[in-house]
Amino acid sequence: MPRYMIELLQRYYHCLGYYVRISIPIPYKKRIHGVEKTFYKFLDLAALNDRELLLIECKSFKNVKNLRAALERVCRFYDYVDEALKSSFSISHTITVRKLMFVEDDDLERLKPYSKILQKCGIEIQGLSSIVDELLKCSIREQELRKTRGEGDIVLSIIAFLIRSLNKAKSSLVHERHT
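All the letters of the sequence shown, read from the start, carry residue numbers 1 to 179 under the working numbering.
In C-alpha cells form, the structure reads like this:
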C-alpha cells in the first residue's frame, strides 16, 4: 500500500464529492491451534456518495515474483471486506458497491495476463495515471475556492506545480529534438 497513492486517491475522491475514509479495519477469523481468533487487515480507502460505495486498495507489485498468488490474496482480502460489509451494514439496493485496485502504470502492464483473476473476483484495476488529469483540474478548482476564503492547500498546490513543471519540461524536450 504505497502511502502516496492513498493520499492522491483520497484527495481525488474527496474533490469529486465523495465522503472518504482511509485505513478501515477489516476483521477476519483464523484458526490457530484449534482456537478461532479474530485478526484485522486494513482497507486502504473507502469512498461513498449517494450512488456508490468504492472499496479501494492501492498496491505495488514491483518486487512480487508470483503475481498469481499475490492477486489471489487480494481476492481473499476482498472476500473479508464483503463479509464485514454484510455483517456490519445494511447496504441499500440503491447504492452500488465497487471494488477497485489502483496500481502504478508499470504494474498495470505486468498484471494484464492475470486480469481474469481480478475480474472473477469483481475487482476493477486502474492505473494511477488515470486520475492525474482530473486531480489537477480538481486541485485548481479547490485552490481558487480556497483563495476566496484566504486559505490554501499546500499539497494540492505542490501537485499542480509538479504537473505544470513536468509538462513544461516535456514540451521543452520535444522542442529541442525538433531543432
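Cβ coordinates follow ideal geometry from the N, Cα and C atoms, glycine included.
This structure is a prediction, so every number in the text was calculated from the model and none was measured.
For Thr148, the enclosing alpha helix (DSSP H) starts and ends at Val132 to Thr148.
Straight across, the Cα-Cα distance linking Lys29 with Val132 is about 38 Å. One Cα belongs to Leu85, the other to Arg3, and the distance between them is close to 24 Å. Gly127 and Arg146 have their C-alpha atoms roughly 29 Å apart. Judged by DSSP in its simplified three-state form, Arg21 adopts strand.
Cys58 sits in a strand when the DSSP states are folded into three classes. Non-local beta-carbon contacts of Ser23 in its own chain, meaning distances under 6 Å to residues more than five positions away in sequence, involve Phe42 in chain order. Between Leu111 and Phe61, the C-beta gap is smaller than 8 Å, which places the two residues in contact.
Of the residues assessed, Phe102 falls on the buried side of the cut-off, its CB having 16 or more other CB atoms within 10 angstroms. The beta carbons of Leu8 and Leu100 sit no closer together than 8 Å.
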